[in-house]
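Q:
In this note's numbering, the protein residues as written are 60 to 184.
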C-alpha cells in the first residue's frame, strides 16, 4: 500500500483492510457506523460523504485509534484542514498512541528514540 497524503482516512482504512480486516468486519466492529460498501469505497478512492461527528467514537474504536486522531484524518481528507503542529501525517497514529501511555512508559519510549537517534548520528555517511 502506498501512502497518499491527500487521503489520510482512506489510507488508514486501506491499512486495516491490508492487515486482513474485511469491509463487513469494519461495518460490524464499528457497530454499523457505516456499511461495508461505504468502507469499500474508501479504499477505492471513490467519492463518499464524511461520517458525522456522532459516529466518531464507534469508528475510532473499530480502527483502534484515538477519537481525535480519526477526527483529524477526516478533517484532512474531506475538508483539507490539518493540525498546525509539525507532526508528519505518517507519525500521527504513533503520537496518538504515545499520548495514551503512562508517564513511565513514555520515558521508556523516549529513551528508545534517543538511542535510535544516537545510532543514526553515529553511522558513517
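Note that beta-carbon positions come from the ideal geometry of N, C-alpha and C, so glycine has one too.
1. DSSP three-state call for residue 71: helix, strand or coil?
2. What is the rounded straight-line gap between the Cα of residue 104 and the Cα of residue 140?
3. On the premise that residue 130 lies in contact with residue 115, defined as a C-beta separation below 8 Å, what is that separation, rounded to the nearest angstrom?
4. Evaluate contact between the segment 116-130 and the segment 85-95, counting only Cβ atoms and requiring at least three cross-stretch pairs below 8 Å.
5. If you run the structure through DSSP and keep just helix, strand and coil, what is residue 96?
6. Among 99, 91 and 157, which one has its Cα closest to the Cα of residue 68?
7. Our contact map puts residue 157 next to residue 146 with C-beta atoms below 8 Å; I'd like the distance itself, whole angstroms only.
A: Answer, in terms of the structure:
1. helix
2. 18 Å
3. 6 Å
4. yes
5. helix
6. 99
7. The pair is not a contact, with the Cβ atoms about 11 Å apart (cut-off 8 Å).
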